[in-house]
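A.B. asks: Residues 2 to 65 (the numbering used here) make up the sequence shown, in order. Even glycine gets a Cβ: it sits at the ideal position worked out from N, Cα and C. In this text the structure is predicted, and so the values were computed from the model without any measurement. My structure is below; once you've seen it, I'll send some questions.
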Amino acid sequence: MSGQSTLLNQSIYENLRMACDWSKEDILAWADQHGVLQFVKNLPDGLDTVVGDDGAFLSPGQRQ
């Protein structure tokens, strides 16, 4: 895997919903199990944070 992600200028939740049919609760549970829940909670709007075109508002590491 190259680590490249295609992100649309939508929320993190909307971008994830394109890949899987999970609810916000499912995604938050997954985030907790994988140690990234605090990162999500620290975002200005949590899963509803808009990432910008191609993740412009995220660092390269956060895009992965």
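#1: If you check the beta carbons only, do L8 and N16 fall under 8 angstroms apart?
#2: Under 8 angstroms by Cβ, that's how I've got Y14 and L48 pegged, so tell me the actual separation to the nearest angstrom.
#3: Ignore the nearest five residues each way along the sequence and tell me which others in K25's own chain have a CB closer than 8 angstroms to its CB.
#4: Tell me which same chain residues have a C-beta within less than 6 angstroms of the C-beta of V51, skipping the five on either side of it?
#5: Mapping the DSSP letters down to three states, classify V41 as helix, strand or coil.
C.D. replies: With the structure as the only source:
#1: Remark: C-beta atoms of L8 and N16 approach each other more closely than 8 angstroms.
#2: Contact check for Y14 and L48: beta-carbon distance about 4 angstroms, within the 8 angstroms limit, so the pair qualifies.
#3: These residues qualify, in order along the chain: Y14 and L48.
#4: Excluding its 5 nearest sequence neighbours in each direction, V51 has C-beta neighbours in its own chain below 6 angstroms: S12, listed in chain order.
#5: The DSSP-derived three-state label of V41 is helix.
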